[in-house]
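Only one structure is covered here, and it is reproduced in the block below.
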Amino acid sequence: MTMTPTSSSATPPASPPEVDSRFISLREVSFFYDPASAAPALDNISLDIATGEFVALLGHNGSGKSTLAAHINGLRQPTHGQVLVAGLDTRDRVSLASIRELVGMIFADPDNQIIATVVEDDVAWSLAARGYPRDEIARRVDAALNAVSLADERKRPPTELSGGQRQRLAIASALALRPVCLVADEPTSLLDPQARRETLALLGALRREYGLTLVYVTHLLEEAALADRIVVLEYGRIALEGPPAMVLSDLDRLHALRLVVPEIALLGARLREYGVPVPYDAVSPEALLDALDVFRRGARKETAP
Amino acid sequence: MSIVVEHLTYYYARNTPTEYRGLDDVSLEIHDGACVAIVGVTGSGKSTLAQHFNGLLIPSAGSVTVDGVRIEPHGISRAQLFQLRQRVGLLFQFPEAQLFAETVFEDVAFGPQHQKISASEVKARVRWAMEAVALPSDDVFLQRSPFALSGGQRRRVALAGVLAMRPRTLVLDEPTAGLDAEARDELYAQLGRLRAQEGLTAVLISHDMSEVAALAQQVFVLANSELRLVGPPGEIFLRPEEIEACGLLAPPLAQVAALAGDRGASIPAGTPLTPGAMAAALVASTEGTQGASPTGS
Amino acid sequence: MLDQLPIGTYIPVASFIHRLRARTKLLLVLWLAILFFFANRKHFHFGAYLAGGVVLTLAILASRIPFPYIWRRLRFILILLLIGLPFILIWTPGETWQTFGPIVITYDGLWLAMSYTAIFLLLYVSSMLLTMTTTPVALSEGVVLLFRPLRLLRIPTEEFGLMTLVSLRFFPVIVQEAEQLVKAQVSRGAAITSGNLFTRIRDTGSLLVPMMQGALRRAAYLSAALDSRGYGFAADATLLHEGRFALRDWFVLLLVPIFTAALYWKL
Chain Y
388 MTMTPTSSSA TPPASPPEVD SRFISLREVS FFYDPASAAP ALDNISLDIA
438 TGEFVALLGH NGSGKSTLAA HINGLRQPTH GQVLVAGLDT RDRVSLASIR
488 ELVGMIFADP DNQIIATVVE DDVAWSLAAR GYPRDEIARR VDAALNAVSL
538 ADERKRPPTE LSGGQRQRLA IASALALRPV CLVADEPTSL LDPQARRETL
588 ALLGALRREY GLTLVYVTHL LEEAALADRI VVLEYGRIAL EGPPAMVLSD
638 LDRLHALRLV VPEIALLGAR LREYGVPVPY DAVSPEALLD ALDVFRRGAR
688 KETAP
Chain R
509 MSIVVEHLTY YYARNTPTEY RGLDDVSLEI HDGACVAIVG VTGSGKSTLA
559 QHFNGLLIPS AGSVTVDGVR IEPHGISRAQ LFQLRQRVGL LFQFPEAQLF
609 AETVFEDVAF GPQHQKISAS EVKARVRWAM EAVALPSDDV FLQRSPFALS
659 GGQRRRVALA GVLAMRPRTL VLDEPTAGLD AEARDELYAQ LGRLRAQEGL
709 TAVLISHDMS EVAALAQQVF VLANSELRLV GPPGEIFLRP EEIEACGLLA
759 PPLAQVAALA GDRGASIPAG TPLTPGAMAA ALVASTEGTQ GASPTGS
Chain P
18 MLDQLPIGTY IPVASFIHRL RARTKLLLVL WLAILFFFAN RKHFHFGAYL
68 AGGVVLTLAI LASRIPFPYI WRRLRFILIL LLIGLPFILI WTPGETWQTF
118 GPIVITYDGL WLAMSYTAIF LLLYVSSMLL TMTTTPVALS EGVVLLFRPL
168 RLLRIPTEEF GLMTLVSLRF FPVIVQEAEQ LVKAQVSRGA AITSGNLFTR
218 IRDTGSLLVP MMQGALRRAA YLSAALDSRG YGFAADATLL HEGRFALRDW
268 FVLLLVPIFT AALYWKL
């Protein structure tokens, strides 16, 4: 007896789905790696993520951010509490099949995600493993490779690709299932600097074009600052939560949370002391200089005869 | 101890159809007691270069002279190589993956035990090395299994294993890979202390310019197996387009300085790339007056 | 570095052998293996091995893979053989053929040395050809299909496919990790690639645990990735490469066994 693929896969959404403010809902989630230990990896976490939102999970190593991310697609199940994805409970094995199509996940090391030795085979693999028909597979592979700009490399072995390209392949393979949400667990941490930039840009583009919900795990403030909302974790609890401008306005607090504030944010803070209107969430050279331009125009007005 | 590299060229898989050039005519000099960085993207040749410093790789052409010992395509003996590996300690990326022994002591002692020293000297070295990496050096801790330790602790045990051989030069290949910002700062602080105490020469291999900026006195930028840029970090950071051409990124503050210049808000050439100095300089460039001061906050 | 690998990695070429189904090639390798071991019993009858040699030579030609490419990878196995052969020659009991001082070589010993060499080489080349002309995904699909009848016995044959795929996909990676590990331990003064035999064996022990750890760690990450990609919910995976047998598959599947069996009987 064969299982048929879930119906949501047969007719993929052509446009972004309706906004559901509790698309992903973690309700009083606690998680213990070791049932006997007293220290939870996640301690009574409640968090809602809306469709189309870009949420950054920020924290030092060991803060629980990766554990939290693993709960979103049901890789881990809560010891206490509940994780719901579009109303489906991650502890329910039958629902997991659908949840894995709604929520895709990519990790730091592309080499531990790539299963095939030809680019297009890897993208096709998860579709084949779920029993999709061949013509649908072909269509989706084309779409996914185009979305990440790897169509020209489709016949090549992943070993010939650069680190950044391999991570793009991992993203394409995750996109093949047409997820509504993508969870990215420190996807840039092993990449060269320019590949890092490209990966972030790609994820941003995918959000804009497909309305992809993005949950991005990082320990870097400058990456988290790109999100709609930052959730800062410490010792398995949510220590701070809010839009980047708010989270980044309290540098002392961030220091207490063992997060290293990037120099560019410190430069922004110093400029603010001079009255330059640098937004709290400005972490790019462009943003800083834009603020400086505003400041200069204001200063000129004052000194004009 | 100094390292002199002269016209070093290295071929992988020599004389086979898959032969490719890992290094192309690289020449550089690392002075005794210096702290330098070799920077480049994956595949630029930086790890290949580093592996010549302790004789893991022998040049295909050219030479590498380490502490007076000249390594050329032919004519270096095994004994000489062994000597070399005691004087130059090389720590690979993700060194915690190379731990194998049943106890921390055994793993750290692995290196010294290959050197012709007494058992008590080995113990003393192990203790010293553990203290150097800020780990406990008591017997209880030393008898623990390395696999019972946290990732960060294991990395330090691996570093201790290299330090226990008392090298004069330390070569660290991407030592902060996988660490968060806090752990990274700790590692570099530790390295700074070690250098101050022991006068070690340090060679940092990385793909992150900003990271090595604080520690390195001299930066060597590799791209496509060639040496492209050489100089102190401050100087190199003034050339962000060249840095980007090598596949790297200049530190964010250097990028701000460069962009400021492009947008007509240039800051004076010698401005230190620190938040305080740059903020003052940027504001000064807008007002056209010197000595602008921050408004009270 | 990696080009010394004993198992050949896939070489994308359009050839007759490449176009054969994975199952066809798997079945033929299996046939040859069975035939060679049976033929071992008929002492000093080379028919089967000769036939095997002919078949494989033709296969190499038909695959359009250059002979030097295959030859270079044979060197490694030849060294192993040269080490092992003297033991077989000297220590096999039976009727004496020749004596060289205290060393006695028997007829059986002579035959086994010859036949084992032939078997080793021929099977080695055939598995190299197999992996060079068939992508790992195709091979894993072939394995799954061939084992499918075992599903009646409640054996999880779909997992065999994944195991095959993962082994082939990660074999070069593991080799590279091993190389890196050797470098790390050699940097600490270990004698693995040089030095006296005793210390080399002792120091090689420093590789086993990290290799195992590395493999387990990788397996953990990979299974998280595969789970995330929805693996494990459908009973029958769609075939990306395998399909119905074409005429050439039947042709080869009939011709090779008949040819080799005939030579086995006749010679």
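Residue numbers (the working numbering), protein chains in the order written: chain Y, 388 to 692; chain R, 509 to 805; chain P, 18 to 284. Positions of the beta carbon are idealized from the N, C-alpha and C atoms, including for glycine. Source: prediction; values computed, not measured.
- Exclusion of the five residues before and after valine 269 of chain P leaves Leu37, Thr41, Leu45 as the residues of its chain whose Cβ lies within less than 8 angstroms of its Cβ.
- Contact between isoleucine 511 of chain R and phenylalanine 561 of chain R is confirmed by a C-beta separation of about 6 angstroms, below the 8 angstroms threshold.
- Apart from sequence neighbours up to five positions away, the residues of its chain that approach arginine 659 of chain Y with a beta-carbon distance below 8 angstroms are Val665, ordered along the chain.
- Under the 10 Å beta carbon count, asparagine 523 of chain R is surrounded by fewer than 16 other beta carbons and is classified as exposed.
- Nearest CB-CB separation between glutamine 594 of chain R and chain P: below the 8 angstroms threshold.
- In the displayed model, leucine 592 of chain R falls within a helix according to three-state DSSP.
- Note on the region 619-677 of chain R: whole alpha helix (DSSP H) runs with a minimum of 4 residues are 627-640, 647-650, 659-671, in chain order.
- Per DSSP, the beta bridge partners of glycine 629 of chain Y are Y:Ile617.
- The DSSP assignment places 113-117, 120-123 as complete runs of the beta strand (DSSP E) inside the region 101-172 of chain P, in order along the chain (cut-off: 3 residues).
- Here methionine 786 of chain R is buried. Its C-beta has 16 or more other C-beta atoms within 10 Å.
- Shortest Cα-Cα distance from leucine 641 of chain Y to any of Y:Ala525, Y:Leu569, Y:Asp508, Y:Ile617 involves Y:Ile617.
- In this structure, the alpha-carbon of valine 547 of chain R lies about 33 angstroms from that of aspartate 220 of chain P.
- In this structure, alanine 254 of chain P places its C-beta atom within 8 angstroms of the C-beta atom of alanine 515 of chain Y.
- At least one CB of chain P lies nearer than 8 angstroms to the CB of arginine 517 of chain Y.
- Straight across, the Cα-Cα distance linking leucine 565 of chain R with lysine 200 of chain P is about 10 angstroms.
- Valine 416 of chain Y: member of the beta strand (DSSP E) spanning 411-418, first to last residue.
- Under the three-state reduction of DSSP, glutamine 601 of chain R is assigned to coil, being neither helix nor strand.
- Around the beta carbon of glutamate 610 of chain R, a 10 Å sphere encloses fewer than 16 other beta carbons of the protein chains shown; the residue is thus reported as exposed.
- Within chain P, the residues Arg205, Gly206 have their CB atoms less than 7 angstroms from the CB of glycine 619 of chain R, given in chain order.
- At a cut-off of 8 angstroms, the C-beta of alanine 201 of chain P has a neighbouring C-beta in chain R.
- When secondary structure is reduced to three states using DSSP, asparagine 499 of chain Y falls in the helix class.
- By the Cβ criterion, the region 408-422 of chain Y is in contact with the region 450-463 of chain Y, since at least three pairs of Cβ atoms, one from each stretch, lie closer than 8 angstroms.
- Between alanine 495 of chain Y and aspartate 572 of chain Y, the gap from beta carbon to beta carbon is short of 8 angstroms.
- The DSSP-derived three-state label of alanine 545 of chain R is strand.
- In the three-state scheme derived from DSSP, where H, G and I count as helix and E and B as strand, serine 549 of chain Y is classed as coil.
- At a cut-off of 8 angstroms, the C-beta of phenylalanine 164 of chain P has no neighbouring C-beta in chain Y.
- Within the DSSP secondary-structure output, methionine 492 of chain Y pairs in a beta bridge with Y:Val570.
- Only buried fits methionine 717 of chain R, as 16 or more other CB atoms lie within 10 angstroms of its CB.
- Non-local beta-carbon contacts of alanine 79 of chain P in its own chain, meaning distances under 8 angstroms to residues more than five positions away in sequence, involve Ser32, Phe33, Ile34 in chain order.
- Each residue's CA atom was taken as its position, placing proline 422 of chain Y and glycine 784 of chain R some 49 angstroms apart.
- Within 10 angstroms of the beta-carbon of isoleucine 172 of chain P lie fewer than 16 other beta-carbons, which makes it exposed.
- For alanine 605 of chain R, the closest Cβ of chain P is nearer than 8 angstroms.
- Tryptophan 512 of chain Y counts as buried, since at least 16 other C-beta atoms from the protein chains shown sit within 10 angstroms of its C-beta.
- The beta carbon of glutamate 585 of chain Y sits closer than 7 angstroms to the beta carbons of Gly551 from its chain, once the five residues preceding and following it are set aside; these are given in chain order.
- If only uninterrupted alpha helix (DSSP H) runs of at least 4 residues are considered, those enclosed by the region 694-750 of chain R are 717-721, 741-744.
- Cβ contact annotation for phenylalanine 177 of chain P (same chain, cutoff 7 angstroms, sequence separation greater than five): Val160, Val161, Phe164, in chain order.
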